[in-house]
Amino acid sequence: MGFMAGKKALIVGVASERSIAAGIAEAFAREGCDIAFTYQNEKLQSRVEKLSARLGQNTDLLFPCDVTSDDEIDAVFETLGKSWDGLDILVHSVGFAPREQLAGGFVESITREGYAISHDISAYSLAALAKAGLPMMEGQNGSILTLTYNAATQVVPNYNVMGLAKASLESCVRFLAADLGPKGIRVNAISAGAVKTLAAAGIAGFRKMLNYAEKSSPLRRTVTIEEVGNTAAFLCSDLASGITGETTFVDAGSNIMGMVFDDD
Ligand code: NAD
Ligand code: 0WE
238 MGFMAGKKAL
248 IVGVASERSI
258 AAGIAEAFAR
268 EGCDIAFTYQ
278 NEKLQSRVEK
288 LSARLGQNTD
298 LLFPCDVTSD
308 DEIDAVFETL
318 GKSWDGLDIL
328 VHSVGFAPRE
338 QLAGGFVESI
348 TREGYAISHD
358 ISAYSLAALA
368 KAGLPMMEGQ
378 NGSILTLTYN
388 AATQVVPNYN
398 VMGLAKASLE
408 SCVRFLAADL
418 GPKGIRVNAI
428 SAGAVKTLAA
438 AGIAGFRKML
448 NYAEKSSPLR
458 RTVTIEEVGN
468 TAAFLCSDLA
478 SGITGETTFV
488 DAGSNIMGMV
498 FDDD
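See the structure below:
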């Protein structure tokens, strides 16, 4: 029996088999968790459906959800509530900034609109989902998890306004943890090292970043969505019952390095 047997999770953020959220779903399913999914739009529906089927999940529990829409967020929990009495786990694996925000200098690229969109989709959406999901989650050792990146606290070239959005997201984790702790809900983040997913495809210099991690991280490699998935399963299970408000790095150790020489 897996260590998540009897748990029910909603996973937001699968776009493909390579999504970090797909690695999380894989680990959750292996550990005996029942999983419902959302998909951003019809274009992604069939991909999420395939993943749900491959993991032996109930493919009726798939809901459209663009996180910029309060109506779609509310509809997810209203419909889910017809199949499930409660919800133990909510996974938020969503991030977006308009593409032109992620290239060039910070001052040069940032706009009011780019700021608003990136913070709405990448940070506010965690609070929005927690708020709408709360009635189904309270009073049962619930757990909320989101995905962040080290550029929240340390400058990474080209990440630009997404770094500000991740800083807001990490603060949101702490405020949610303090507010929802008394209701039995833990809230945590995983700060993942760079992984080649759809969100990373087409970002100028991404290959260079992966090569850099392979040379400079203590483990001399990048991380996999399986490794992020395993840590997510731990954090969302009762094994992590004493952990809340934390950001846990799954980055092959990259974040501890203060300086790296390229000659060894
Ligand atoms: P991905 O493209 O597979 O996932 C991003 C998801 O965000 C997609 O499923 C997409 O549908 C969803 N999304 C975007 N806008 C949305 C909207 N308006 N409504 C609903 N969903 C929306 O890429 P990923 O790398 O798996 O990203 C997942 C999370 O992991 C993001 O928060 C990302 O910032 C974070 N992260 C990624 C890396 C990396 O290197 N890939 C590293 C650290 C953290
Ligand atoms: O969080 C991310 C990626 C987030 C992301 C990606 C895209 C690409 C497509 C947000 N918005 C968009 N918008 C699009 O139009 N990562 C941690 C991966 C990532 O993205 C970078 C990185 C890393 C690492 C962008 C610049 C520099 C480094």
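The sequence shown begins at 238 in my numbering and counts up one residue at a time.
We treat Cβ as the ideally placed atom computed from N, Cα and C, and that holds for glycine.
Computed from a predicted structure; not experimentally measured.
Top-ranked residue by Cα proximity to residue i, from the options
| i | options | result |
| --- | --- | --- |
| residue 348 | 256, 444 and 397 | 397 |
| residue 407 | 463, 329 and 438 | 329 |
| residue 423 | 477, 434, 489 and 319 | 477 |
| residue 242 | 249, 259, 265 and 373 | 265 |
| residue 279 | 302, 270, 296 and 297 | 302 |
| residue 487 | 344, 383 and 441 | 383 |
| residue 254 | 306, 462 and 491 | 462 |
| residue 445 | 327, 334 and 393 | 393 |
| residue 395 | 441, 467, 447 and 321 | 441 |
| residue 471 | 322, 263 and 354 | 263 |
| residue 335 | 439, 363, 455 and 379 | 439 |
| residue 298 | 315, 273 and 485 | 273 |
| residue 416 | 344, 467 and 481 | 481 |
| residue 450 | 479, 499 and 467 | 499 |
| residue 338 | 491, 361, 485 and 400 | 400 |
Check whether residue i and residue j have beta carbons under 8 angstroms apart
| i | j | result |
| --- | --- | --- |
| residue 381 | residue 402 | no |
| residue 268 | residue 300 | no |
| residue 261 | residue 431 | no |
| residue 465 | residue 414 | no |
| residue 332 | residue 359 | yes |
| residue 420 | residue 483 | no |
| residue 258 | residue 277 | no |
| residue 373 | residue 318 | yes |
| residue 458 | residue 489 | yes |
| residue 389 | residue 404 | yes |
| residue 357 | residue 245 | no |
| residue 410 | residue 365 | no |
| residue 322 | residue 294 | no |
| residue 434 | residue 256 | yes |
| residue 475 | residue 387 | no |
Counterpart residues of residue i in DSSP-defined beta bridges
| i | result |
| --- | --- |
| residue 426 | 383 and 484 |
| residue 249 | 275 and 329 |
Short CB-CB distance (under 8 angstroms) between residue i and chain C
| i | result |
| --- | --- |
| residue 458 | No chain C appears in this structure, which consists of one protein chain only. |
Inside the region 448 to 501 only - alpha helix (DSSP H) runs reaching at least 4 residues:
The qualifying runs are 462 to 473.
Output the residue ranges of the alpha helix (DSSP H) runs that lie fully inside the region 378 to 419 and measure 4 residues or longer, sorted by chain position.
Within the region 378 to 419, the complete alpha helix (DSSP H) runs of at least 4 residues are 398 to 417.
Run through the region 266 to 351 for me and flag every whole alpha helix (DSSP H) of 4 or more residues, listed as ranges in chain order.
Taking only runs of at least 4 residues, the alpha helix (DSSP H) segments lying wholly in the region 266 to 351 are 279 to 291, 307 to 320 and 343 to 346.
At least three beta-carbon pairs within less than 8 angstroms, the region 488 to 497 to the region 283 to 299:
Touching, no, given that fewer than three Cβ pairs across the two stretches are closer than 8 angstroms.
Report yes or no: do three or more beta-carbon pairs, one from the region 277 to 284 and one from the region 307 to 321, lie closer than 8 angstroms?
No: the two stretches stay apart, fewer than three of their Cβ pairs being nearer than 8 angstroms.
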